[in-house]
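Remarks on the structure that follows.
There are 4 protein chains.
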Amino acid sequence: MANSKYEYVKSFEQPDVLLPNTWIVVRIDGKGFHKLSANYGFIKPNDRRALDLMNAAAVAVMKDLPDLCIAYGVSDEYSFAFHPSCQLFERRSAKLVTTIVSTFTAYYIYLWGTYFPDTPLQLTGLPSFDGRAVMYPNSRIFRDYMSWRQVDCHINNLYNTTFWAMVQQGGMANRDAEQELKGTISSDKNEILFKRFGINYNNEEEIYKKGSVIYRQYQLEDVKAKSDSSIQEETSPLQEATPSRTQQDKMRKLRNKAQVVVDHVDIIKDAFWERRPWILSGKPGKLPVEPK
Amino acid sequence: MANSKYEYVKSFEQPDVLLPNTWIVVRIDGKGFHKLSANYGFIKPNDRRALDLMNAAAVAVMKDLPDLCIAYGVSDEYSFAFHPSCQLFERRSAKLVTTIVSTFTAYYIYLWGTYFPDTPLQLTGLPSFDGRAVMYPNSRIFRDYMSWRQVDCHINNLYNTTFWAMVQQGGMANRDAEQELKGTISSDKNEILFKRFGINYNNEEEIYKKGSVIYRQYQLEDVKAKSDSSIQEETSPLQEATPSRTQQDKMRKLRNKAQVVVDHVDIIKDAFWERRPWILSGKPGKLPVEPK
Amino acid sequence: MANSKYEYVKSFEQPDVLLPNTWIVVRIDGKGFHKLSANYGFIKPNDRRALDLMNAAAVAVMKDLPDLCIAYGVSDEYSFAFHPSCQLFERRSAKLVTTIVSTFTAYYIYLWGTYFPDTPLQLTGLPSFDGRAVMYPNSRIFRDYMSWRQVDCHINNLYNTTFWAMVQQGGMANRDAEQELKGTISSDKNEILFKRFGINYNNEEEIYKKGSVIYRQYQLEDVKAKSDSSIQEETSPLQEATPSRTQQDKMRKLRNKAQVVVDHVDIIKDAFWERRPWILSGKPGKLPVEPK
Amino acid sequence: MANSKYEYVKSFEQPDVLLPNTWIVVRIDGKGFHKLSANYGFIKPNDRRALDLMNAAAVAVMKDLPDLCIAYGVSDEYSFAFHPSCQLFERRSAKLVTTIVSTFTAYYIYLWGTYFPDTPLQLTGLPSFDGRAVMYPNSRIFRDYMSWRQVDCHINNLYNTTFWAMVQQGGMANRDAEQELKGTISSDKNEILFKRFGINYNNEEEIYKKGSVIYRQYQLEDVKAKSDSSIQEETSPLQEATPSRTQQDKMRKLRNKAQVVVDHVDIIKDAFWERRPWILSGKPGKLPVEPK
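Chains as they are written, first to last, in numbering that gives the first Met the number 0: chain A, 0 to 291; chain B, 0 to 291; chain C, 0 to 291; chain D, 0 to 291.
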């Protein structure tokens, strides 16, 4: 075959399979969204349309990839998590990352008009995202990763809320507000918001304070009955964690039937995970009983 | 800072910097385009609208990333090549791949309506692409990679042209055509085309036979003057290959001024590369003199 | 400095840091030991001198590297395990592997004369070892790795014991013995040993049947008091698992004081690990009370 | 089979194949040789016995591994180079590195007594080496690597020669000599050596000034006939560079017949490489005609 002369170049493709039995998080980030949000006139500090668009794209990605356990989004970034037992694309890193980045981008562009009906996209300033995959060896560390992002969300949102109140309502110059906030701690910012602008930060919308959590919905577990379910799954042997093909098909069906929900809740404390044990266990729960 | 407690999770991010001084090719492929092309009614064996859309998206990617030397596309795949001296994103693999995949996807979705005005995209069947980066240690091997893709284009297009002639014009069942073509060589297919359907394969459009090459246009070199320029660049020491910041800025400007062109020509023989030495050298040529 | 012109070549050194918080096993294997054991007249099926030499070299490696938790040896291979919290050489793979391989080789060559006083080493047939590092994300999987090696030891030793009995005591040709053993299961081999040669496999020496386990000795724990300590450590957060510098120094001292022992016991069942919780926890136990 | 339950752990072994068609350099370094050289009373600034031992071990490694093209040693480090066409151990990094490190260590320990007949090795201070593999994409960069090491040799040896002359012959305290040398350039050190101690650095032994180069000896080429042979090999296509099995066998035989020589010559300038084209080409030359 004429092609064989050149086919040796395939030998330069190097494997990039991720370590088995680890959590895989693909985090994507908007490219140049600082400039982009200015171009398209995003509202500061939070543009609800932009967040709803991010969430809509992420929900669509979750539906397309039943292997995804959970996703967490804040601002122009989204983290998608595959369970340690995931075998999708033989766990090839580039395949997993590019599939998520491309699918997310496709939905984001396609759905733009739904959320920004009056602000059409322009060819010279299209939104795009980069991404990478990171492995976390067990659930405790994976949860610490998720906590890290949510704490980050809180810190940034409190800062931005205060900053833009000072600028938009207080009439300060950006630089002056920045200067005054330098070195302040949370309580300082809360006080500025409340004393100067009558804003009680606690009353801000949950989506801004907590970010967005996306997962499949099954029947919630009774917390009291469970003791420490959240941290037990990684001790089960791999054979158990790698189900048979039949089991995988069954689980895939259950996942497809489950509703994908967007929540704005605390994911740092144990309660969230204990009530939804299917996220860390990787095994679908029971479908919720439909109200008659 | 409250966040520091969780920040240790950053230590799980592993570096993915590609080896310096190697060619980097990012190849992207349409995901599930067999089904997708059926859904949207792509014409067989080649849908000119689909190819033009691929090319339009690739041209836009080339313009966005001046570090790209050349790109080659066929069917639903595109290969984008960075020169060995490229320092973009510190040569981080995931960053390079996801940027290209996401940017390409964004343009593809955005421009869809221009090329398929009567076939709107549907939410449940959006196009997306996966991709990966591969290193090639020198220009000879890089050119062999490009030859591999173009030979592949030829082989597939001759097969598809013959197959669909037998089905569409000859009224054969897909399976029967497949069966008859099994084990045939090029001359057999040429003969089938000519004898049964009066088709001279050589007269088929170049875009189908050769695929699409995209590069920046400078003044073409006189081939006779050059002997083996195409294979000399990798012997120059790295210092030379890694230009100073000022030189880089100057080169970036020259690249931005150059026109990005789409060609359907042979890239296997030396002539293409010898007349366009800037592609393998990584150094911009002279801008073409504008006709008055 | 004159050197700077060439120093750019350092940029080609790529990082090889292993994922944090995973078990690291460095397994080394004798190179060409089939031929080597013939050259130096190793006794079949097991040469006690050769095994004692392997163990002496492994004990010396364990003493040199207090970061090692446990080692397991069988035939001409040895597995050395670093705890997930290990930070030695910043967890660089090549550094960890080559240090163990080279140190082990040095002791093996140096101590050869002690174990083979009548068989001096020859320049043209020096023993050497290769090795590699593998990560295991949690203790369950790490224990499965250890079990894998010990089951392998059992399978090979039962086979070899039977084979060599048939050849050495039964006078069979190697090929015939091989042929007869093809497809047999454990009970078959036990029966051959017992019926033909009066050998009760259970009475064979433990070092041959179980291999050799090397670890630091502290006060054994009362098993009944512990329930499932063996599988809890990986759920503790990394901060806890990565002790302060002072704690590390203290732990290093405790490790240096502990006796390094060689055991030939079951490491598949829980008992071994439950009585020696310091192996999986990575935290030194209490030093044994010396008998007066 | 009983073992299959645990065999899944093999899936955690990740591939580490180095990029095809690149130079592979394995550099090994003595571990803690500062302390070790003090323990065993190495002569300063250069201990000829120690260097001869390093070279003897390296020659033995070169003979054991015909795939090695060239080696360069200085002080307690040695660099071993595999040609881009090398397929040994399928180019697996850990296998290549550990084989060299272990073989080198074995010879070093075994041959110690030959070079240090009056200074026996002690169990608690055995020499050992660590190592790593680095890829260089073409001959120019590989030669720059070799130049880097030889320039380093020169810089260190000039410094050490001057420093120890000041201490040993000049009676200065270590700290004072160190202080005086801070910031000096080559000419300063040459002057100190000559004016104070009557030492002409140029007359020092070549082995100290140039380090040691080891390679296979064939008939030297006439330099004038060759123009730029040294930098052409990497442009040949891989097929050519990857010879058939028969050719490989033939080449292995020629390599085994060639004498392995130790030289102390300049490897920075072109002359060394032009006269010995087989090193960069990876193809054995003609065996030298034996004088009758």
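Here a beta-carbon is modelled for each residue, glycine too, at the ideal position from N, C-alpha and C.
Which same chain residues end up closer than 7 angstroms to residue i when comparing Cβ atoms and leaving out the 5 residues on each side of it in sequence?
{"i": "residue 161 of chain A", "result": "180, 188, 191, 192"}
{"i": "residue 61 of chain B", "result": "67, 70, 213, 259"}
{"i": "residue 173 of chain C", "result": "166"}
{"i": "residue 32 of chain C", "result": "75"}
{"i": "residue 8 of chain D", "result": "none"}
{"i": "residue 111 of chain D", "result": "52, 120"}
How is residue i classed by DSSP in three states: helix, strand or coil?
{"i": "residue 273 of chain B", "result": "helix"}
{"i": "residue 264 of chain A", "result": "coil"}
{"i": "residue 175 of chain B", "result": "helix"}
{"i": "residue 117 of chain B", "result": "coil"}
{"i": "residue 84 of chain B", "result": "coil"}
{"i": "residue 258 of chain D", "result": "strand"}
{"i": "residue 236 of chain B", "result": "Caution applies to residue 236 of chain B, whose pLDDT of 46 falls short of 50 and renders its modelled position unreliable; the model cannot decide the point."}
{"i": "residue 31 of chain D", "result": "coil"}
{"i": "residue 229 of chain C", "result": "Confidence in residue 229 of chain C is poor, its pLDDT being 42 and thus under 50, which makes the residue's placement too unreliable to answer from."}
{"i": "residue 162 of chain B", "result": "helix"}
Give the straight-line distance between the Cα atoms of residue i and residue j, rounded to the nearest whole angstrom.
{"i": "residue 178 of chain A", "j": "residue 142 of chain A", "result": "34 angstroms"}
{"i": "residue 46 of chain B", "j": "residue 213 of chain B", "result": "19 angstroms"}
{"i": "residue 138 of chain C", "j": "residue 215 of chain A", "result": "30 angstroms"}
{"i": "residue 119 of chain D", "j": "residue 52 of chain D", "result": "14 angstroms"}
{"i": "residue 153 of chain A", "j": "residue 200 of chain A", "result": "11 angstroms"}
{"i": "residue 358 of chain C", "j": "residue 11 of chain B", "result": "Outside the shown range of chain C, which is 0 to 291, sits residue 358 of chain C, and nothing can be said about it."}
{"i": "residue 150 of chain C", "j": "residue 104 of chain D", "result": "32 angstroms"}
{"i": "residue 236 of chain C", "j": "residue 269 of chain A", "result": "Confidence at residue 236 of chain C is low in this model, with a pLDDT of 46, below 50, so the placement of that residue should be treated as unreliable; the coordinate-derived value is given next. The straight-line gap from Cα to Cα measures roughly 14 angstroms."}
{"i": "residue 136 of chain D", "j": "residue 197 of chain B", "result": "50 angstroms"}
{"i": "residue 54 of chain C", "j": "residue 114 of chain C", "result": "11 angstroms"}
{"i": "residue 207 of chain B", "j": "residue 131 of chain A", "result": "35 angstroms"}
{"i": "residue 22 of chain B", "j": "residue 95 of chain A", "result": "23 angstroms"}
{"i": "residue 83 of chain A", "j": "residue 266 of chain B", "result": "44 angstroms"}
{"i": "residue 43 of chain A", "j": "residue 203 of chain A", "result": "14 angstroms"}
{"i": "residue 97 of chain B", "j": "residue 65 of chain D", "result": "42 angstroms"}
Does residue i pass the burial test, meaning 16 or more other C-beta atoms within 10 Å, or should it be called exposed?
{"i": "residue 30 of chain D", "result": "buried"}
{"i": "residue 277 of chain A", "result": "buried"}
{"i": "residue 256 of chain C", "result": "exposed"}
{"i": "residue 93 of chain D", "result": "buried"}
{"i": "residue 140 of chain D", "result": "buried"}
{"i": "residue 116 of chain C", "result": "exposed"}
{"i": "residue 254 of chain C", "result": "buried"}
{"i": "residue 108 of chain B", "result": "buried"}
{"i": "residue 245 of chain A", "result": "exposed"}
{"i": "residue 77 of chain B", "result": "buried"}
{"i": "residue 5 of chain A", "result": "buried"}
{"i": "residue 281 of chain C", "result": "buried"}
Taking 6 angstroms as the limit between beta carbons, can you name the residues of its chain near residue i, skipping five residues before and five after?
{"i": "residue 287 of chain D", "result": "218"}
{"i": "residue 250 of chain A", "result": "283"}
{"i": "residue 59 of chain C", "result": "106"}
{"i": "residue 87 of chain B", "result": "66"}
Taking only heavy atoms of the ligand MG into account, decide whether any of them is closer than 8 angstroms to the Cβ of residue i.
{"i": "residue 123 of chain A", "result": "Judged by which ligands are present, the structure shown has none, so any question about the ligand MG falls away."}
Looking only at its chain, what residues have a beta carbon closer than 8 angstroms to the beta carbon of residue i, apart from the 5 residues adjacent to it on each side?
{"i": "residue 15 of chain B", "result": "91, 92, 93"}
Any beta carbon from chain G within less than 9 angstroms of residue i's own beta carbon?
{"i": "residue 58 of chain C", "result": "Absence of chain G from the displayed structure is noted, the protein chains being A, B, C and D."}
Q) What residues from the segment 135-165 of chain D come within 7 angstroms of chain B, judged by C-beta to C-beta, listed N to C? A) 136, 137, 139, 140, 143
Q) Using a beta-carbon distance cut-off of less than 7 angstroms, what residues from the segment 69-102 of chain C approach chain D? A) 93, 94, 96, 97, 98, 100, 101, 102
Q) Listed from N- to C-terminal order along the chain, which residues in the segment 6-28 of chain A have their beta-carbon within a distance smaller than 7 angstroms of any beta-carbon of chain C? A) Per Cβ criterion, the list reads 18, 20, 21.
Q | Within 7 angstroms of chain D by C-beta, residues of the segment 252-286 of chain C in sequence order | A | none
**Q.** Under 8 angstroms (Cβ pairs) to chain C, residues found in the segment 120-131 of chain D
**A.** 120, 122, 125, 126, 127, 128, 129, 130, 131
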